[in-house]
Amino acid sequence: MKLQGLVEDVQRRLEQALLDGRYTANSRLPSERVLAEQFSVSRNTVREATQRLVARGLLRSRPGAGVYVSDQLRTGAASPWGHLVADHPAVLADVLEFRRVLEGATAYYAAQRGTAEEHQRIRDLLAQLELARAEDRAADEAAADAQMHEAIALASHNSMFLHLHASVLGILREHITLNGTNLRALAPDVSAQLLQQHRAISQAICARRPEASRTAMQAHIDYVISMLEAE
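The sequence shown begins at 1 in the UniProt record's numbering and counts up by one.
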């Protein structure tokens, strides 16, 4: 195969890795040497392929530190939508309705398709969520919550679910930031309710019960919707 053909092949394989979540937003790519061995090409071929993706905004090169995945693919649509949601609260209902369907599906397929390692990651994040709750570390609790939903999306093994999920949650996070909304601060028992819901979701997914997983996730989203409507 000619050089340009090799470069295009490596580029496509890197793009596929970005799409299916093997290289997540802001993560560091393996070194040129490692990638060259993985793809059975020269380091120059890897360098040209990554430079093409840098030019497209999908990767970022940090001199002396390596090449990192940009968050543009995952969150590029969120910013303008975040402001629209803030200005037009009716749009938030549409976003949450879409999230209910989307996350119900990701939970279903995470139970069906997730690997043992991916299910363990969900359990580990639930443990982090429980610890942050017990120690009253609100910021860490919110971070573990978001990471757990991300891990569920990854375990679904559907690239469209993964990227749509990231965009929708980006919109909601911007809405929350712009409006100062903090679900866990709305009432004393909200945090405990959210934690119990996450336990039910994790248990159903890790027990490989797709329908129960979808039901648990949708019950969780319904609760979030009810809290935001009350607020």
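Using N, Cα and C, we set each Cβ at its ideal position, and we do this for glycine too.
Give me the residue from the options with the minimum Cα distance to residue i.
i, options, result
"G133", "I221, E32, Q196 and L58", "The amino acid occupying residue 133 in the given sequence is Arg; Gly does not appear at that position. It is Q196."
"C206", "T45, D124 and D140", "D124"
"M148", "E103, I225 and D94", "E103"
"Q16", "A219, L194 and S159", "S159"
"Q112", "V95, L126, D140 and S156", "S156"
"T45", "P210, A105 and G5", "G5"
"V10", "A25, S27, E32 and N26", "E32"
"residue 270", "R28, D136, R99 and V190", "Lying before the first or after the last residue shown, residue 270 is absent from the chain, which here runs from 1 to 231."
"R60", "M217, R137, T24 and L164", "T24"
"A219", "A105, S40 and S42", "A105"
"E8", "A49, E37, V34 and S202", "A49"
"F161", "Q203, R208 and R100", "R100"
"L194", "A116, R13 and D222", "D222"
"A212", "E118, A110 and M227", "A110"
"H163", "L18, V190 and P30", "L18"
"Q38", "Q51, R52, A230 and L14", "L14"
"S167", "F98, R47 and R208", "F98"
"E118", "R214, A230, R208 and S226", "R208"
In this structure, does DSSP put residue i in helix, strand or coil?
i, result
"residue 294", "Missing from the structure shown is residue 294; the chain here goes from 1 to 231 and no further."
"G170", "helix"
"Y223", "helix"
"S61", "strand"
"R137", "coil"
"Y68", "strand"
"R28", "strand"
"V41", "coil"
"H119", "helix"
"L178", "Its pLDDT being 45, under 50, L178 is placed unreliably in this model, and the coordinates cannot settle the point."
"H157", "coil"
"D145", "helix"
Taking C-beta to C-beta, are residue i and residue j nearer than 8 Å?
i, j, result
"A216", "A200", "yes"
"P210", "Y108", "yes"
"Q128", "A144", "yes"
"L92", "H198", "no"
"V224", "L58", "no"
Considering only residues of the same chain and omitting the five flanking positions on each side of residue i, which have a CB-CB separation below 7 Å?
i, result
"G114", "A155 and I205"
"S40", "none"
"S202", "I122, R123 and L126"
"S42", "A36"
"R47", "E32"
"D140", "A132"
"E130", "L195"
Between residue i and the rest of its own chain, which residues show a CB-CB distance below 8 Å, the 5 nearest in sequence each way excluded?
i, result
"H165", "L102, E103, T106, H149, E150 and A153"
"V54", "R60, S61 and V67"
Against chain D, does residue i count as a neighbour if the rule is that its beta carbon must be under 8 Å from one of theirs?
i, result
"Q196", "Among the protein chains of the structure shown there is no chain D, as only one such chain exists."
Any heavy atom of the ligand MN closer than 7 Å to the beta-carbon of residue i?
i, result
"A105", "Ligands are entirely absent from the displayed structure, and the ligand MN is therefore not among its contents."
Which residues in the same chain have their Cβ closer than 6 Å to the Cβ of residue i, if we skip the five residues on either side of it in sequence?
i, result
"L169", "none"
"P63", "none"
"R12", "none"
"R214", "G104, A107 and Y108"
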